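A.B. asks: One structure, pasted below without further comment.
Numbering (the numbering used here), first residue to last: 7 to 159.
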């Protein structure tokens with residue numbers, strides 16, 4: 007079980023952060039601007055943006071924010087997984103309408119920091135992050151699946 011004290015540290019509006027490196031301290035630009043600027047290090051993906059456009063620039067990006075304007079819009083999950091599977095190792099932050107019941111799935115897709123519009127209860131968040139101890143599918147979080155565990159020597 008994850009304890010509230012294990013939810014990571016948070017700068018400013020970021021409530022949960024699961025990284026040891028320094029947080030990015032500058033604003034983000036749009037996907038189009040990141041492609042056009044050779045020095046852009048932080049980008050924000052909005053619903054409808056194609057995360058694949060960022061793949062050639064992943065080595066220079068230290069932060070990618072993915073906006074969730076409404077809890078029913080799941081396109082951000084796909085953006086996160088696309089970036090992680092392409093090798094993005096920087097901070098991947100879920101921002102916006104981030105809800106307790108989404109946290110576990112967002113972590114599986116590769117999000118490692120969370121900046122919800124409304125602060126979440128930390129005890130509930132700890133339970134949410136620990137909800138699924140065992141998983142069936144492979145995902146960006148690289149957790150061992152139930153099948154992997156069954157076939158261990």
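Glycine is no exception: its CB is placed at the ideal position from the N, C-alpha and C atoms. Please read all numbers here as calculations on a predicted model, not as lab measurements.
(1) Counting along the chain, where does the beta strand (DSSP E) carrying residue 48 start and finish?
(2) If you run the structure through DSSP and keep just helix, strand and coil, what is residue 130?
(3) Taking DSSP as the reference, what is the three-state secondary structure of residue 122?
(4) Cα-Cα, which of 143, 133 and 99 is closest to residue 29?
(5) Between which two residues does the beta strand (DSSP E) carrying residue 72 extend?
(6) Specify the secondary structure class of residue 91 as computed by DSSP and reduced to three states.
(7) Quick one, which of 66, 96 and 27 has its alpha-carbon nearest residue 42's?
(8) Could you tell me whether the stretch 48-57 touches the stretch 125-144, where touching means 3 or more Cβ pairs closer than 8 angstroms?
(9) Using only alpha-carbon positions, find the residue among 151, 33, 44 and 133 that is nearest to residue 108.
(10) May I have the straight-line CA-CA distance separating residue 151 from residue 76, to the nearest angstrom?
(11) Could you compute how far the alpha carbon of residue 70 sits from the alpha carbon of residue 112?
(12) Quick one: what's got a C-beta closer than 7 angstroms to residue 21's C-beta in the same chain, skipping five residues either side?
(13) From the DSSP output, in three-state form, read off residue 77 for me.
C.D. replies: By the coordinates alone:
(1) Residues 48-51.
(2) In the displayed model, residue 130 falls within a helix according to three-state DSSP.
(3) In the three-state scheme derived from DSSP, where H, G and I count as helix and E and B as strand, residue 122 is classed as strand.
(4) Minimum Cα distance to residue 29 is reached at 99.
(5) Segment 69-74, the beta strand (DSSP E) holding residue 72.
(6) If DSSP states are grouped into helix, strand and coil, residue 91 belongs with the helices.
(7) Nearest C-alpha to residue 42: 66.
(8) Flag = no, the stretch 48-57 and the stretch 125-144 do not touch.
(9) Of the candidates 151, 33, 44 and 133, the residue whose Cα lies closest to the Cα of residue 108 is 133.
(10) Rounded to whole angstroms, residue 151 to residue 76 spans 30 angstroms at the Cα level.
(11) Computed Cα separation, rounded: 14 angstroms.
(12) Closer than 7 angstroms at Cβ, skipping near neighbours: 120, 121, 122, 125 and 126.
(13) Judged by DSSP in its simplified three-state form, residue 77 adopts coil rather than helix or strand.
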